[in-house]
Every structure is written in C-alpha cells, then in structure tokens.
Amino acid sequence: MVVCGDDGLAHRLAAELRGVYGEQVTLVVPASERSVRPPVVVRARSASALLDRVVTAAAGLTGNGNGAVTAAGEPPNGIRLMEAAEPNEAALAGAGVEHADALALVYDDDETNIRAALTARRLNPRLRLVLRLYNRRLGQHIEELLDQAAALATGNPADGPGFDASTTVLSDADTAAPALAATALTGTSKVLQTGGLLLRAVERPPAGAGVSAAPGLATLALLSPTDSSGLGGDQGPTLLPDAAAVRAGGGRTTVVLEQVSYAGPVLPDGRGVMPWFASLFSRRLRWSLAGMVGCVVALAVALWLVTGIHPLRAFYLTLLDLFAIDDPAIGQSVGRQILQLLSGLAGLLLLPVLLAAVLEALGTFRTTSSLRKPPRGLGGHVVLLGLGKIGTRVLTRLRELNIPVVCVESDPEARGLATARRLRVPVVLGDVTQEGVLEAAKIHRAHALLAVTSADTTNLEAVLYARAVRPDLRVVLRLYDDDFATAVYRTLRAAHPRASTRSRSVSHLAAPAFAGAMMGRQILGAFPVERRVLLFAAVDVGGHPQLEGKTVGEAFRAGFWRVLALDTATGGDSALVWDLPDTYVLRDTDRVLLAATRRGLAELLGRRTGSRG
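In this note's numbering, the protein residues as written are 649 to 1261.
What follows is the structure, given as structure tokens:
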C-alpha cells in the first residue's frame, strides 16, 4: 500500500493500514524543511493543512530539493517513509506504485490529488485508487473516468467480476459525519455505516452479572475470560464464535452488533396551521391577539345580557363599535352607551396590535428570521455548533436518525442554513462565545453538545461554557489535531469524571473509511476486539465456493467468517435483511454482508494474509 499526503490524515491512514490490516505501507510525505508546527491551539484548519507536515529528518530522510525521492530506513512501526516535494511520476515510481496493490492520495488540494491519480493510473492500470476530494460532483466524474481508463487498459469491463482496479473518491467530511453523529447519540465513534444504517459493536456483561445479555443483530466475539482477581487470563478473545461456544462462555463478556437508533422525543416538524402561525408571529404578539379576541367576546356577551337582543346582533354591533363605524347609541339605555364607549376604547387598543402583526409578518418573510426557532419546552435534543462542510453532513445524518437538533451558527451566509431550512431544523444565529446564545439553543435541557466549527478554540470555549451550565452534559468536540484532541479529552475527563466527553479529530474518524477503500470496495469497516480485528465486507456470493449453493449455517465458519445479512437492493442503495434462517440457501446472484477475521477474509477473497491473523 502507498499513501501520499501532506497532513495528519496521511499518517493516521498509514497507521490504520499497518495496525489493523497488517499491510506493508509506504508513506510519501513532503520535504521536512516545510514541517514547522505552530502552537496547535491557535491553528486554523487552512493553516494546519499547510503546516501539519511530519518531521521526517529524525528518521534519516534527506531531500535533494528538486522533487526527487529519497528512501528512508525502516521506522519502528514498520511503515516505510519516503520524502517528495510533490507526487509526480518520479515520486510515485520511487514509492513502488507500479507494483503496489493500492494508492491513497490524501493531499489537501484537489488538483494535486487528481493530477497524481491520472499519473498513477497510467503507471499501473490495475492499481486501486483512493482519492480525497472536497468537490463531490467532480469526484463522481473523476471516479468514472479513472475506472473507464483502467478497464480499457486491462481489457476487463469496469463492472466485470474480475475487475479490481477500482477508484474510490472520498471526503473526510462525509466519512467523519456518521461517527460524529453516533458519538453524540451513544458516546462511541466505532460505527459501521451500511444499507442506510449505523451499526456499532456493544459489550454485553455476562448473564450471571444480573444483566440480560441481549443478542443484538449478531454475536461477534467473546472477550478474554477474567480470573478471580479481575485480570484477563492468557486466553485471548474468541472471534465469531458458534452457538456452542457462546453457551459454554456464559461467564465471559460478549461483543454483539446492534443498530444505532434514537428513542427520545421527536422534534415537531412545523407543519400544519398552528405551527405555521406560531412561526409567523412572536409569542408576545400571539398573547396580545388572544387577549383582544377575548375582550371582544366579553363585550358582545355583555351587550346581549344588557339589551336582550339576539346574540349575533350583539356581536355585530360590538364589531361596529370596535371599528368606529358611525352608529351612535343616542336615546338608548345607559348600559348600551357604556358598552359602546368600552368597545371604542378596545378598538383604539387593537390598532397598534394589528400594525405590529403586519410589520412582524413582513419582517419574517424578508429576513433570515424565517429560520425556525427552538420550540418551547424542547428537551433531549442535540445542540450542533457550526453549519459548515462537516456540520452540514452531521446535521443530515442526525435527521436521518430522527434525532431532534438545534443548530447554532454565527455566519448568516453559511452553506448549511439552506439544509436547515429544508429539514425544518431550528437555528440560533449568533456567536456561540457570546453570552445567551447557548441558552437560546436550550443547552440546559439538551442531550448532547456537538461542536464541529472550523476553529478549535471556538469548539473548546463552547464546550467549557456548556459544562459550566450542565456539568453532566455529553459533549463531543471536533479538533483538527489528533494530539490536541487527546490532550483535551484527558483534561475534560479528569475535570468531569462522571460526564461523557469525546474529542475527535477528523483525520482520526476518516482514516478507517479510507483504509477500507484501499483494501477494496467490498470492505465496509473494521472493529477492534482487544488485540485482534474484525472486518466487515459486502461480498457477491457468485464465484466463492465457500458461499455459493450453501445454506447460511453451512457457510458459517467459526473464527473465520459469518454471514450477517442479505442485501436485496436492486438499485444503488442497500436494503439489508437480518436474521436470515440457517436453512436459507445462498444463490450466485446474492450479495451478503459478512463479518470476518483478517485471515478469514483473505482466504475467502483469495488474498494473502498479513503477519498477524
């Protein structure tokens, strides 16, 4: 595997490929003289993308200054480091792209990644390419172009069974959003996204501990047994156990797969006459209008009782008096004359109320106040800070899970405001560092705070202020630098040990998706289980004798692989069917989701295995 990049994502991706998948990795980084790092707390994202260069001089790397590549010694983590000013043809050839299985281009600049991808495809038509592009529409066209070029060069159709020279275009914002959404909901970022679902691995205590061991969607592993002292024994975890092993391991903690879902209060959608009326006028004005209506009804009833006329005529005369239509009560009873004067006075009070209603309605249609405001009594929601590139993706994912959200954004022209309007999500416009903004978002009744603005200091300040208001609030903050995120997490955990705190860097969350794409399009993700790893893949049954023509029970191989679900989709979106009976026969046209160990997946797909099983 070859990884080329100029920021923290490249290094995190290389570590993921080496540590999780056991692959041989060559990491190509820019020249060491451009790797000076300022204090991380004051870095903006654009500046850190340029300055977050790894100091490779300590590894014995030297550059010749003209873009050539110089090899480095083998570092302790088993990743081969190389240095190149840019990913040109000489750099890619020196990194061994011509004989590599996959290449990841994760530079912060789209043009650099596209230019290097075109060169790499020419050097090795069978190479799997993974590109980091922010422009999603351009990425789709580039993906089709490079796949077509590979198909023509290798003589295999792009959708043929033997075609593996795939091109995958990813954005760190898209890949990090599901993990951020799941972290705000469940407190974990170890999630798997497939078939429109978010899945997570959950540890279930032994049944003997007084907790019912719910089976979940599938049992993935049995953790290492503990001795009388509470320490783990010499036996490691049992991955993908069969039913007999699960029954025999009644005293061991199980790891099960379950769906990430939300069962709290649902945010009103704002549809209907009354919600529309409430969004058009302020609460104070609505109370004023209600008071005036009550006053008119009371005057009409009083006129009916005093004069004894028909109730409808009494209401009609009251409206005439209210609107100052000339019909004086000369020669009538004193009660009628007094009521006419009171009606005229109420009419004078009604004029400013009607004028305020007109002005407020016009202002609502003209300004950004058309954004929904947090409804009264809202609670159990997620407060999302920032509607930029990542915030917009996170907002969409949260609403797909039917999680109520209140957004806070300081820029009235932010790209995510249009999405918030379309999804009818309440938005508070204001600087989150100013007093009263988080209170307007109902932070004191929120379930979690998710701070994903592009400024690390803003996210940190918002989290600290929210913790002052709610010490037990679950907080998730996005920090660009991985080391800084770890330091903030440890400090917040020490200050608030009983509260859920998560600090995530985008590179940390995005790296697993990029690594899975480098292993092939069928790899969906991976879950660590103690010192071992479980992989999840979508596999076509046809062409695999271990699956084709066998029942689900016969296809299960304990410790190697297990069929979890059947993908019945006919279009581009997946539709997974869980709880398949063991008697279901897998056909050659089926596509299944399975969990496997690294050794098991390598055997199933006919690949080599790494040094670790």
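Glycine included, C-beta positions come from ideal geometry on N, C-alpha and C.
Note that the coordinates shown come from a computational prediction; the quantities given were computed from them, not determined experimentally.
{"query": "Ordered list of alpha helix (DSSP H) runs contained in the region 1022 to 1083, each at least 4 residues", "result": "1037 to 1048, 1064 to 1070"}
{"query": "Straight-line gap, Arg-934 to Gln-980 (C-alpha atoms, nearest Å)", "result": "36 angstroms"}
{"query": "Inter-residue Cα distance where the pair is Val-908 and Leu-1046", "result": "11 angstroms"}
{"query": "Three-state class that DSSP yields for Thr-1216 in the structure shown", "result": "coil"}
{"query": "Beta-carbon gap between Ala-1185 and Gln-1170 smaller than 8 angstroms", "result": "yes"}
{"query": "Exposed unless 16 or more other CB atoms sit within 10 angstroms - verdict on Arg-785", "result": "exposed"}
{"query": "Nearest-angstrom beta carbon gap, Leu-1097 and Val-1031 [assumed within contact, 8 angstroms]", "result": "5 angstroms"}
{"query": "Local conformation of Thr-1231 per DSSP, three classes", "result": "coil"}
{"query": "Beta-ladder partner(s) of Trp-1209, from DSSP", "result": "Arg-1205, Ala-1244"}
{"query": "Test item: CB-CB of Val-1225 and Val-1187 under 8 angstroms", "result": "no"}
{"query": "Nearest-angstrom Cα separation, counted from Met-649 out to Gly-1168", "result": "12 angstroms"}
{"query": "Counted within 10 angstroms of its Cβ, other Cβ atoms place Gly-787 as buried (16 or more) or exposed", "result": "buried"}
{"query": "Whole-angstrom distance between Gly-670 and Ala-1250, CA atom to CA atom", "result": "12 angstroms"}
{"query": "Closest by C-alpha distance to Leu-1035, when choosing among Arg-1069, Pro-1023, Thr-1237", "result": "Arg-1069"}
{"query": "C-alpha distance - Gly-726 paired with Val-673, whole-angstrom precision", "result": "8 angstroms"}
{"query": "Secondary structure of Gly-942, DSSP reduced to three states", "result": "helix"}
{"query": "Member of Gly-1191, Leu-937, Leu-777, Val-1042 whose CA lies at the smallest distance from the CA of Leu-997", "result": "Leu-937"}
{"query": "Nearest neighbour of Ile-1038, chosen from Gly-898, Tyr-1137, Ala-824, Asn-1050 [CA to CA]", "result": "Ala-824"}
{"query": "Residue of Leu-1182, Phe-1208, Leu-1253, Ala-1217 minimising C-alpha distance to Ala-849", "result": "Leu-1182"}
{"query": "Cβ-based burial, Gln-841 [other Cβ within 10 Å; buried from 16]", "result": "buried"}
{"query": "Through-space distance from Leu-779 to Asp-749, alpha-carbon basis", "result": "15 angstroms"}
{"query": "Coarse secondary structure for Asp-1188, derived from DSSP in three states", "result": "strand"}
{"query": "Rounded straight-line distance, which links the Cα of Val-945 to that of Ala-827", "result": "56 angstroms"}
{"query": "Touch test, the region 1112 to 1126 against the region 1055 to 1072, Cβ-Cβ under 8 angstroms, three pairs minimum", "result": "no"}
{"query": "Nearest to Ala-830 (by Cα), restricted to the options His-958, Asn-1050, Leu-1172, Tyr-964", "result": "Asn-1050"}
{"query": "Beta-carbon spacing of Ser-872, Gly-864 below 8 angstroms", "result": "no"}
{"query": "Residues that Gly-898 bridges to, as DSSP identifies them", "result": "DSSP output for Gly-898 lists no bridge partner at all."}
{"query": "Same chain, Cβ closer than 8 angstroms to Ile-1091, neighbours up to 5 away in sequence not counted", "result": "Val-1031, Leu-1097, Ala-1114, Val-1117, Arg-1118, Leu-1121"}
{"query": "For Leu-1086 and Val-1075, believed in contact at Cβ under 8 angstroms, the rounded distance", "result": "Their Cβ separation, rounded to whole angstroms, is 13 angstroms, which puts Val-1075 and Leu-1086 out of contact at 8 angstroms."}
{"query": "Within-8 angstroms CB hit, Glu-1083 to chain D", "result": "In summary, chain D is missing from the structure at hand, where a single protein chain is found."}
{"query": "Alpha carbon of Thr-1101 to alpha carbon of Leu-1033, nearest angstrom", "result": "6 angstroms"}
{"query": "Unbroken beta strand (DSSP E) run spanning Gln-841, endpoints", "result": "839 to 842"}
{"query": "Helix, strand or coil at Gln-1194 [DSSP, three-state]", "result": "coil"}
{"query": "3-residue-minimum beta strand (DSSP E) runs that sit fully inside the region 764 to 835, ordered along the chain", "result": "776 to 780, 815 to 818"}
{"query": "Proximal residues to Ala-857 (C-beta, below 7 angstroms), its chain only, five neighbours per side dropped", "result": "For Ala-857, the predicted structure reports a pLDDT of 44, less than 50, and the residue's modelled location is therefore unreliable. The matter cannot be settled from this model."}
{"query": "For Val-1111 and Ala-1099, believed in contact at Cβ under 8 angstroms, the rounded distance", "result": "6 angstroms"}
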